[in-house]
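Input: a single structure, listed below in structure tokens.
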Amino acid sequence: MRIGELAKVTGLAPSRIRFYEASGLIQPVERKANGYRAYDADAVWVLEMITNAQAAGFSLEEIRQLLPAKAKGWQHDELLGGLRRKVEEIDRLQARLARNKAQLLLVIEGIESKPEGMACVDNSQRVLERLREELATGKAGH
Numbered sequence: 001m002r003i004g005e006l007a008k009v010t011g012l013a014p015s016r017i018r019f020y021e022a023s024g025l026i027q028p029v030e031r032k033a034n035g036y037r038a039y040d041a042d043a044v045w046v047l048e049m050i051t052n053a054q055a056a057g058f059s060l061e062e063i064r065q066l067l068p069a070k071a072k073g074w075q076h077d078e079l080l081g082g083l084r085r086k087v088e089e090i091d092r093l094q095a096r097l098a099r100n101k102a103q104l105l106l107v108i109e110g111i112e113s114k115p116e117g118m119a120c121v122d123n124s125q126r127v128l129e130r131l132r133e134e135l136a137t138g139k140a141g142h
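This is the structure:
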């Protein structure tokens, strides 16, 4: 199939497909006598894998390491290892985001609970001190 057809099937722009090919993420294809690229059915599958992996947070370099040289040549151990590393990375990111969220909620609560008549500048000092205490005791984010 030609690049326009592949683009239509995958929903990717032809320029994106050419970029993936130039980057070595999809196998270079032969050109027909008329100069058009001729992609096989495996190209659809590989492009879907790349798109899904990017949506899951994989970098192009990580994807390059995980994709098989041929569509049917997965390296079982390398693939599992790469997938497990990404899950661990997501776990760390989720933990960091949970801590950040807890800290923001503390700040919001501190601002909303400003004592009557307290100046905003004094309240900001109160909120910051509370946040420091929470962080020091490890309560923020748990």
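Just so we're aligned: 55 in full-length UniProt numbering is position 55 of the sequence shown, and the numbers increase by one with no gaps anywhere. Every residue, glycine too, gets a C-beta built ideally from N, C-alpha and C.
Please name the residue, chosen from the options, that lies closest to residue i on a Cα-to-Cα basis.
{"i": "Gly-24", "options": "Ala-136, Ile-108, Ala-56 and Ile-50", "result": "Ile-50"}
{"i": "Gln-94", "options": "Gly-82, Gly-57, Glu-129 and Ala-43", "result": "Gly-57"}
{"i": "Leu-79", "options": "Arg-132, Asp-91, Gln-65 and Gly-117", "result": "Gln-65"}
{"i": "Leu-106", "options": "Arg-18, Val-127 and Ser-59", "result": "Val-127"}
{"i": "Ser-59", "options": "Thr-10, Leu-12, Glu-89 and Glu-116", "result": "Glu-89"}
Looking at the unbroken alpha helix (DSSP H) that takes in residue i, where does it start and where does it end?
{"i": "Asn-100", "result": "76-112"}
{"i": "Gly-117", "result": "No alpha helix (DSSP H) holds Gly-117; DSSP gives it neither H nor E."}
{"i": "Lys-8", "result": "3-10"}
{"i": "Ala-43", "result": "41-55"}
{"i": "Ala-22", "result": "14-22"}
{"i": "Glu-30", "result": "Premise fails: Glu-30 is in no alpha helix (DSSP H) and is neither H nor E."}
Around the C-beta of residue i, are 16 or more other C-beta atoms found within 10 angstroms, so that it is buried, or is it exposed?
{"i": "Tyr-36", "result": "exposed"}
{"i": "Ala-41", "result": "exposed"}
{"i": "Ala-55", "result": "exposed"}
{"i": "Ala-119", "result": "exposed"}
Between residue i and residue j, which are expected to be in contact by the criterion C-beta below 8 Å, what is the C-beta distance as a whole number of angstroms?
{"i": "Ala-38", "j": "Glu-30", "result": "6 Å"}
{"i": "Val-46", "j": "Ile-26", "result": "5 Å"}
{"i": "Glu-62", "j": "Gly-82", "result": "7 Å"}
{"i": "Asn-100", "j": "Lys-114", "result": "Not really, about 22 Å apart at Cβ, beyond 8 Å."}
{"i": "Arg-132", "j": "Gly-110", "result": "With 8 Å as the limit, Arg-132 and Gly-110 do not qualify as a contact, their Cβ atoms being about 12 Å apart."}
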